[in-house]
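Under the UniProt record's numbering, the first residue of the sequence shown carries the number 1, and numbering increases by one thereafter. In this text, a Cβ means the ideal position worked out from N, Cα and C, and glycines have one as well. Quick caveat: nothing in here was measured; it's all calculated off a predicted structure. The structure appears right after this line, and notes come after that.
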Amino acid sequence: MSPHRWAKWWCPNDYYSEAAFKTLKYRPDFPDAFGSLEDARAFCAAFYRWYNTEHRHSGIGMHTPYDVHHGRAGAVRAARPVSLSQAYAATPERFDRKHTEPPEPARDRLDQPTRTEHSNPTDEMNQKVGRFRGEWPPKETRGW
């Protein structure tokens, strides 16, 4: 898949969508054509549910985006050596060498930062728009 260079600038976030699209396109169950828009939406909904909750991504230490985003990667990572050791002990002929740990998942690799429970995305956006327009903070809180 070659990048589309129709714009004068290239946004690095497009690499994530290009990678997701390539994974989608090369899935064995990807159809040659969809019967309708609803069929395409249903297929993509199921794909992205799998992609985010079951598919292990090499860029984030063979974790799922769901586990990393929700802070479960540490628990999964702690359980891996036990599972791998048990599998190795049960069937050593399946392995050519002892297992190696994948790299630690990097938080800055995910598109969406974790929000605190007290943050409100609408308030944050209103603040940004207000600052851009020169209207922030609101007149009632300025004290003059």
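Please name the residue in N52, A19, F30 whose C-alpha comes closest to that of H70.
Counting from one through the sequence shown, the residue named residue 70 turns up at place 70. Taking only the C-alpha atoms, the option nearest H70 is N52.
For P28, does the count of other Cβ atoms within 10 angstroms reach 16, so buried, or fall short, so exposed?
Counted from its first residue, the sequence shown places residue 28 at position 28. By the 10 Å Cβ count, P28 comes out exposed.
Around the Cβ of T64, are there at least 16 other Cβ atoms within 10 angstroms (buried) or fewer (exposed)?
Stepping through the sequence shown from its first residue, residue 64 is reached at position 64. Label assigned to T64: buried.
Are at least three pairs of beta-carbons, each pair with one atom in the region 19–36 and one in the region 73–92, less than 8 Å apart?
No: fewer than three Cβ pairs fall under 8 Å.
Determine the extent of the alpha helix (DSSP H) in which E38 is found, giving its start and end residues.
Against the sequence shown, residue 38 aligns to sequence position 38. Element bounds for E38: 37–53.
Can you give the Cα-Cα distance for P92 and R80, rounded to whole angstroms?
The count along the sequence shown starts at 1 and reaches residue 92 at position 92. The count along the sequence shown starts at 1 and reaches residue 80 at position 80. Straight-line Cα distance between these residues: approximately 17 Å.
Between L24 and F47, what straight-line distance do the alpha-carbon atoms span, to the nearest angstrom?
For the purposes of this step, residue 24 is taken as the residue at position 24 of the sequence shown. For the purposes of this step, residue 47 is taken as the residue at position 47 of the sequence shown. Between L24 and F47, the C-alpha separation is close to 7 Å.
For H63, name the three-state secondary structure that DSSP assigns.
The count along the sequence shown starts at 1 and reaches residue 63 at position 63. Looking at H63 - three-state DSSP - the assignment turns out to be strand.
Can you tell me where the alpha helix (DSSP H) with P31 in it begins and where it stops?
Counting from 1 along the sequence shown, the entry for residue 31 is found at position 31. It is not in any alpha helix (DSSP H) - P31 carries neither H nor E in the DSSP assignment.
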